[in-house]
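Student: Right, I'll just put the structure down here and ask away after.
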Amino acid sequence: MPELPEVETVRRGLEGPMVGRRLVRVVQNRPDLRWPLPEDFARRLTGRRVERLERRAKFILAHLDDSHVWMIHLGMSGRMHLDGATRPAGKHDHVVVETEDGTVVVYEDHRRFGIMDLFPEGELASHRLLKDLGPEPLSNRFDGAALSARLAGRKTPIKAALLDQKVVAGLGNIYVSEALHLAGISPRRLAASVAGARAERLAPAIREVLQAAIAAGGSSLRDYVQASGELGYFQHQWRVYDRGGEPCRTCGRPIARIVQSGRSTFFCGACQK
DNA sequence: AACAAGACCTGCATGC
DNA sequence: TGCATGCAGGTCTTGT
């Protein structure tokens, strides 16, 4: 499910039910997700109040009243459900949290590429999963100059470079293809050659695509996106992703599908140079 | 240092 | 109601 727009949608959906609320019950149904959960995870989370929900890249960071951070990553298939009080238990419901007013939040992740951690707030900046992340693309510090500086010297295709969270934080396979089409840049182009005017086109294109996707509640491919259970609908606005063989919405020529570093890329050979 | 490929894990669509 | 194959929104680890 989750690239930046989907994670941001989930974060927003959790804010109302969780911020300011105490967690009165925490159930951990298995010892690990992608990695082992921290020692005493459920016990340490129980009784804490959530003060703030932040997003960094594709991570949700719940700031707790004991100056710790509950970190959540949804991996490829993670979902947060708010209807845990009524939905039947699923075999991949790995963590269940109940708030003081009875909302039952379920973390479900059948592929188990997701991550959870619990650590002191003071370790945020040095956390191994956070410390090397590139700029937030929706922050005002992200622009063409910042982008081209991070692409300089890189000999990999721009598609692969944009998937690198050290270059810019939060893009994934869908939105990289989308942003490159909007910017008119070929996914095969050498990353280092995206500088000057091209970088000045690409940075705003990335922002525009992400903002439009957030406004649509993200993209729902095979499952729900929003914590509320509603579907996102940005998939109906995809310019190229998953549209191999279909006509480019700009020029009408068929969208191409290629594989780059093992992952599908979609683009229009006529519109993207 | 930077890069491509492999690894992790389950479920689903497709083709036989 | 089988079985094999390939693919999927991520990112860490391995080998060059």
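For the first sequence, the working numbering assigns the number 1039 to the initial residue and increments by one for each residue that follows.
We put the beta carbon where it would ideally sit given N, CA and C, even for glycine.
1. Using a threshold of 8 Å, state whether the C-beta atoms of Ala1207 and Gly1182 are closer than that.
2. Let me know the secondary structure DSSP gives Thr1047 once reduced to three states.
3. For Gln1298, which beta-bridge partners are listed by DSSP?
4. Among Glu1136, Ser1164, Gly1128, Ala1163, which residue has its Cα nearest to the Cα of Thr1084?
5. Within a Cβ cutoff of 7 Å, which residues of the same chain sit near Ser1299, ignoring the five residues on either side of it in sequence?
6. Since Val1107 contacts Phe1157 with CB under 8 Å, what's their CB separation in whole angstroms?
7. Quick one: which unbroken beta strand (DSSP E) runs of 3-plus residues sit fully inside the stretch 1145–1205? Chain order, please.
8. Kindly indicate which residue of Ser1186, Gln1273, Gly1255 has the alpha-carbon position closest to the one of Glu1233.
9. What does the Cβ neighbour count give for Ala1095, buried or exposed, with the cut at 16 atoms within 10 Å?
10. Identify the continuous alpha helix (DSSP H) that holds His1130 and give its terminal residues.
11. Would you mind sorting Ser1164 into buried or exposed? The rule is 16 or more other CB atoms within 10 Å of its CB.
12. If we count Cβ pairs, one from each stretch, closer than 8 Å, do we get three or more for the stretch 1048–1067 versus the stretch 1107–1123?
13. Contact check, Leu1034 vs Leu1201 under 8 Å by CB: the rounded distance?
14. Does the pairing of the stretch 1189–1197 with the stretch 1222–1237 give three or more beta-carbon distances under 8 Å?
15. Could you check where the beta strand (DSSP E) with Ala1100 kicks off and where it finishes?
16. Can you grab the Cα-Cα spacing for the pair Cys1306 / Ala1184, in whole Å?
17. How about Ile1196 and Leu1071: are their beta carbons less than 8 Å apart?
18. Measure the alpha-carbon distance for Asp1170 versus Ala1235 and round it to whole angstroms.
19. Taking just the CA atoms, how far does Ala1100 sit from Leu1061?
20. Leaving out five residues before and five after Gly1288 in sequence, what residues of the same chain have Cβ atoms less than 6 Å from its Cβ?
21. For His988, which of Ala1294, Ala1253, Gly1290 has the nearest alpha-carbon?
22. Judging by CA-CA distance, which residue of Ala1294, Arg1150, His1130 is the nearest neighbour of Tyr1279?
23. Cutting at 7 Å between CB atoms, please list the residues of its own chain near Gly1140, excluding the five before and the five after it.
24. DSSP on Leu1071, reduced to helix/strand/coil?
25. Please work out which residues of its chain come closer than 7 Å, Cβ to Cβ, to Gly1290, disregarding the five sequence neighbours upstream and downstream, and give them in chain order.
26. Could you tell me which of Trp1073, Gly1270, Arg1059, Arg1081 sits nearest to Glu1138, measuring between CA atoms?
27. Any idea if Ser1105 is buried or exposed, counting beta-carbon neighbours within 10 angstroms, 16 or more meaning buried?
28. Would you mind giving the Cβ-Cβ distance between Gly1222 and Arg1245, rounded to the nearest angstrom? I have them listed as a contact below 8 Å.
Tutor: Looking at the atomic coordinates:
1. No, Cβ-Cβ distance for Ala1207 and Gly1182 is not below 8 Å.
2. Three-state DSSP puts Thr1047 in a helix.
3. Within the DSSP bridge table, the entry for Gln1298 names Arg1301 as partners.
4. With distances taken between Cα atoms, Thr1084 lies closest to Glu1136.
5. Excluding positions up to five away in sequence, the list reads Ala1198.
6. With a contact defined as Cβ atoms closer than 8 Å, Val1107 and Phe1157 qualify at about 6 Å.
7. You should have 1153–1158.
8. Rather than Glu, the amino acid found at residue 1233 in this sequence is Ala. Of the listed residues, the one whose Cα sits closest to Ala1233 is Ser1186.
9. Ala1095 comes out buried.
10. His1130 -> no alpha helix (DSSP H), and no H or E assigned at all.
11. Around the beta carbon of Ser1164, fewer than 16 other beta carbons lie within 10 angstroms, which makes this residue exposed.
12. The stretch 1048–1067 makes contact with the stretch 1107–1123, as at least three CB pairs between them are under 8 Å.
13. With the chain covering 1039 to 1311 only, the question about residue 1034 has no answer from this structure.
14. A contact is defined here as three or more CB-CB pairs under 8 Å, and the stretch 1189–1197 meets this definition with respect to the stretch 1222–1237.
15. Element bounds for Ala1100: 1097–1102.
16. Distance between the alpha carbons of Cys1306 and Ala1184 is about 26 Å.
17. No, these two residues do not count as a Cβ contact at 8 Å.
18. Straight-line Cα distance between these residues: approximately 27 Å.
19. Cα-Cα distance, rounded: 12 Å.
20. The amino acid occupying residue 1288 in the given sequence is Thr; Gly does not appear at that position. Cys1309, listed in sequence order.
21. This structure leaves residue 988 out entirely; the chain is present only between 1039 and 1311.
22. For Tyr1279, the nearest C-alpha among the options comes from Ala1294.
23. Within the same chain, Gly1140 has close Cβ partners Ala1123.
24. Leu1071 falls in the coil class under three-state DSSP.
25. Cβ within range, chain order: n/a, list empty.
26. It is Arg1059.
27. Exposed, since its Cβ has fewer than 16 Cβ neighbours within 10 Å.
28. About 16 Å separates the two Cβ atoms, so there is no contact after all.
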